[in-house]
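Respectively, the protein sequence lines represent chains A and B.
Heads up, the working numbering is the position in the first sequence plus 101, with the first residue counted as 1.
Heads up, the working numbering is the position in the second sequence plus 20, with the first residue counted as 1.
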Amino acid sequence: MTSAGPLLEIDDLTLKLQVGGAELTALEHVSFSLGYGEARGLVGESGSGKSLTLRAILGLLPPNAVVTSGRMVFDGAEFDLAHGSKADARRLERLRGTGISMIFQEPSVALNPVIPVGEQIVDAVMRRDHLRRSQARDYAIHLMKLVGIHDAEHKVDAYEFELSGGLKQRVMIAAAVAGKPKLILCDEPTTALDVTVQRQILSLFTHLRDELDAGLLYVTHDLAVVAQLCDSITVLYSGNVMESSAELGSVFDDPGHPYTEALLRSTPDVDRIGRRLYSIPGSAPSLSDRPLGCPFAPRCEYRQDDCEQARVPDTSTVEGREVHCRHPVGHESGRVQLAKEAR
Amino acid sequence: MSDDPLLRCSDVVVTFRQKQARTVLQAVTSASLDVGRGQIVGLVGESGSGKSTLARAVVGLQPIDSGSITFEGRTFGARRNRADRRGIQMVFQDPYGSLDPRMTIRGTLEEMLRRHTELRGKALDARCCELMEMVRLPASLLTSRPAGMSGGQRQRVAIARALSIKPRLLVADEPVAALDVSVQAGIVNLLSDLRDEVGLSILFISHDLSIVRTLCDRVSVIYRGKIVEERSCAELFEDPHDDYTKELLAAIPRLRGPRTEGLRDGSSLAF
C-alpha cells in the first residue's frame with residue numbers, strides 16, 4: 102500500500118546450525134516474497150526449516166544458528182540477515198511486536214505464567230506508545246473482544262493456565278495484532294486446536310489481513326488449511342524450496358514438484374474417498390547426511406541419475422512459479438499421476 | 021451370538037471426583053457404542069468431550085460408574101482377568117512416550133509375549149519377526165532402541181506390540197496426530213490393511229475428520245460425554261442429523277473447497 106514493491110522479500114537465505122563441532126546447513130538459498138494483504142502458506146514436514154525461516158525473519162534464532170547469506174526487504178527497508186550487523190539487529194528488534202509479530206504453536210509455552218494475560222497483550226505497544234496503565238488495560242480488553250473473547254473484562258486479569266487452549270491462542274493473536282503489524286508470522290497456530298475453534302481462528306486471520314492489509318506467512322503441514330486460507334504457497338523440504346507459486350490453486354491442481362505431488366497424494370481428503378493414501382517411502386534425510394543434489398531424490402518415484410547433481414535449477418516456465426526439479430511432474434511435462442488418481 | 025457386535029458399550033458413565041471442589045465431573049455422561057467384527061469405528065469429538073476417557077474405559081484402564089461394556093458376548097465386571105485384558109489392546113498418541121527407551125524393540129515385543137503366551141526360544145524369535153513384517157518394518161530394527169527411530173517407526177512398533185498377543189480389538193487413541201502427513205498416510209494404510217488381511221477390529225479415536233472419513237466404516241460423534249450420532253461413515257458425512265455433527269463437518273478445512281469460503285462471514289473487526 103505504502104510502496105510499490107512487496108511487503109516482504111526474502112532473498113537467498115542460507116542458514117547453518119553448529120552442532121557438536123560440525124556445521125549443518127538447515128536452510129539453503131530460500132527466497133520468496135509476500136505482498137500486502139497476502140497470505141502465503143509455508144509448507145513442509147518436520148525438519149524442513151519452516152520454523153527456522155520464520156525465526157530468521159524475526160531475528161530470534163537459536164544461539165547455534167549462523168546466517169551465512171540472506172537479504173530481507175520489509176516494507177521498503179532493507180536488512181542484511183547475514184554478517185551479524187548490530188545496527189540491523191537493533192532495527193529488527195524495533196520492528197518486533199509492532200511491525201512484525203509472531204504467533205506460536207504452543208501458546209502455553211509462549212505466554213508467561215506469572216503475568217496476567219492482559220499485560221502481555223499490550224506489552225509491546227505500551228513501550229512503543231508510552232501508554233498509561235489504565236489506557237493499556239482498556240486497549241487489552243478491546244483487543245480481547247476483537248478476537249472473540251466474550252467476558253474480556255474478567256479474562257484480562259486471568260493467568261495463562263486458567264484459560265483453555267482456544268482462549269490462549271486468541272490471547273496470543275490479540276498480542277500479535279496489538280501493534281497493528283504489517284506482517285504476521287504464524288507457526289502452526291491451529292495445530293493443537295479443535296476443528297471448530299480452528300475455523301474461528303482462520304476466519305479471524307482472514308478478517309485481520311483484510312482490515313489491516315497485513316501480510317500473513319503461515320507455516321503448517323496441513324495442506325487443507327493452506328487451501329482454505331492462503332493465496333500463495335512455498336513448499337520446503339530439508340531446508341530447500343521445492344516449489345513455490347504466487348497462485349495456490351495451480352499448485353494444488355497441477356503440482357510441478359514430485360514432492361508436492363507426494364504430499365497431496367498422502368493427504369486425506371474428505372471429498373475424495375476410497376483412494377489409498379500415498380505413503381512416501383523412507384524418511385526425510387537428517388541434516389548431516391543430506392544428498393548432494395535434490396534432497397528428495399532418494400525418496401522420489403521419478404528419480405533419474407542426474408538428480409544427484411548439485412543445485413537443482415528452477416525448471417518452471419510459468420510466471421510466478423518456481424519448480425526446483427529436473428524432471429517435474431504435472432501438465433507442463435505431461436506426467437499427471439495425481440489427476441489420474443483424482444477420478 | 022455371532023450377530024452380536026464384538027464390543028458393545030451401553031450407557032457407560034464415567035465420573036471423576038474433584039477433591040477441592042467436592043463436586044463430581046461427569047466425563048462420559050451416557051455413551052453407547054458398538055464395534056462390529058472386522059470394522060473400524062471412528063470416535064470423534066473435540067478436546068474434553070470424553071473420547072479418550074471412553075477409550076480408556078473400553079481397555080479397562082478406567083473404572084466405569086454405571087452402564088456396561090460387553091466384549092464377545094461377555095460383560096466385563098469390575099476386575100478383568102488376564103484373558104479379558106488380552107482381547108483388547110491399545111495404541112497411544114505419543115510414540116515417543118509409550119515405548120521404554122532402555123529396551124530394544126525385541127525386548128519390548130518379547131516382554132509382552134513372555135507374559136501372555138507360551139512362546140519361548142525359536143518360536144518367540146519367529147513371532148517377533150512375523151510381527152515386524154506385519155507392521156512393515158525390517159527385522160533388522162529388532163536390535164534398535166526407540167531413540168534411533170523415527171516417529172512413524174515407533175508407532176509401528178507400538179502397533180506390533182499391541183498385536184503381539186492377537187487381540188480381537190485394537191483401541192487407537194489419536195495414533196497419527198503426532199506424525200507428519202506422509203508418515204501418517206503409512207499408518208492409516210497399515211491399519212486399513214490389518215482390518216482387511218487379519219480381520220482386526222479397531223476403535224479409532226481422532227479429532228481429524230478427514231482421516232476418519234478415509235479410514236473408518238462407522239463413526240460415533242461424542243459431545244460433552246454423550247454420543248450424539250452413530251452411523252455408517254458414508255451416511256454421516258453425506259447427511260448429518262445432529263446439530264453438533266453438522267457444525268463439526270462444516271468446520272473441516274477442505275483441500276478442494278473454494279478458498280476462504282465462509283471465512284469472511286461475520287462483521288468487520290473495526291480496529
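Even glycine gets a Cβ: it sits at the ideal position worked out from N, Cα and C.
All figures in this text were calculated on a predicted structure; none of them were measured in a lab.
Taking 6 Å as the limit between beta carbons, can you name the residues of its chain near S240/B, skipping five residues before and five after? L53, L63, I247, E250
Given a cut-off of 7 Å, decide if V155/B and I179/B are closer than it, judged by their beta-carbon atoms. yes
Are three or more beta carbon pairs between the region 355 to 363 of chain A and the region 294 to 309 of chain A nearer than 8 Å? no
Own chain, CB closer than 7 Å to P187/B, minus 5 neighbours either side, in chain order: R106, G107, I108, Q109
Within 7 Å of any Cβ in chain A, is that where the Cβ of G58/B sits? no
Nearest by alpha-carbon distance to G266/A: which of T297/A, G280/A, R422/A is it? T297/A
Name the residues in the region 296 to 309 of chain A whose C-beta lies less than 9 Å from a C-beta of chain B; which are they? V296, T297, V298, Q299, R300, Q301, L303, S304, L305, F306, T307, H308, L309
Which residues in the same chain as T103/A place their Cβ atom closer than 6 Å to its Cβ, once the five residues preceding and following it in sequence are excluded? Confidence at T103/A is low in this model, with a pLDDT of 47, below 50, so its placement is unreliable and no value can be given for it.
Using C-beta distances below 8 Å, list every residue in its chain close to S69/B, excluding the 5 sequence neighbours before and after it, in chain order. I242, Y243, R244, G245
With a Cβ-Cβ cutoff of 7 Å, do I222/A and A275/A count as a contact? yes
Euclidean distance between Cα positions of D193/B and P386/A: 29 Å
Less than 7 Å between CB atoms is the rule here; does Q329/A satisfy it with respect to chain B? yes
Is the beta carbon of D213/B less than 7 Å from the beta carbon of Q59/B? no
Output, in sequence order along the chain, the residues in the region 377 to 391 of chain A whose CB is closer than 7 Å to any CB in chain B. R377, L378, Y379, S380, I381, S384
So what does M2/B bridge to, in DSSP terms? Past the boundaries of the shown model lies residue 2/B; chain B is included only from 21 to 291, so the question cannot be answered.
Determine which residues share a DSSP beta bridge with P54/B and list them. A quick correction: the sequence has Asp, not Pro, at residue 54/B. R28/B, per the DSSP bridge assignment.
For a contact meaning CB atoms closer than 7 Å, what does T234/B contact in chain A? P369, I374, L378
DSSP state of N209/B, grouped into three classes? helix
Around the Cβ of Y338/A, are there at least 16 other Cβ atoms within 10 angstroms (buried) or fewer (exposed)? buried
E66/B touches chain A at which residues, Cβ-Cβ below 7 Å? D295, T297
Same chain only: Cβ atoms within 7 Å of V413/A, ignoring 5 sequence neighbours per side: G394, C395, H425, C426, R427
Kindly list, in the order they appear in chain A, the residues whose Cβ is closer than 8 Å to that of T137/B. Neighbours of T137/B on chain A: none; closest Cβ ~31 Å, over 8 Å.
Assign G198/A to buried or exposed, taking buried as 16 or more other Cβ atoms, counted over all protein chains shown, within 10 Å of its Cβ. buried
For A277/A versus I285/A, is the C-beta distance shorter than 7 Å? yes
Name the chain B residues whose beta carbon is nearer than 9 Å to that of A363/A? S202
Write down every uninterrupted run of the alpha helix (DSSP H) in the region 160 to 228 of chain A whose length is 4 residues or greater and which is fully enclosed by it, in chain order. 187 to 196, 208 to 211
First and last residue of the uninterrupted beta strand (DSSP E) at T307/A: That residue, T307/A, is in no beta strand (DSSP E); its alpha helix (DSSP H) goes 296 to 313.
Using only the alpha-carbon positions, how far apart do D372/A and L313/A sit? 33 Å
Determine the direct distance from the alpha carbon of K281/A to that of G97/B, and round the result to whole angstroms. 60 Å
Please compile the residues from chain B whose C-beta is within a distance smaller than 8 Å of the C-beta of L324/A. V201, L275
With a threshold of 7 Å on Cβ separation, who are the neighbours of F257/B within its own chain once the five nearest residues in sequence on each side are excluded? R233, L269
Beta strand (DSSP E) containing Y319/A: first to last residue? 316 to 321
Given 8 Å as the limit, is there contact between the region 403 to 420 of chain A and the region 317 to 332 of chain A, that is, 3 or more CB pairs closer than that? no
By DSSP, does D288/A sit in helix, in strand, or in coil? strand
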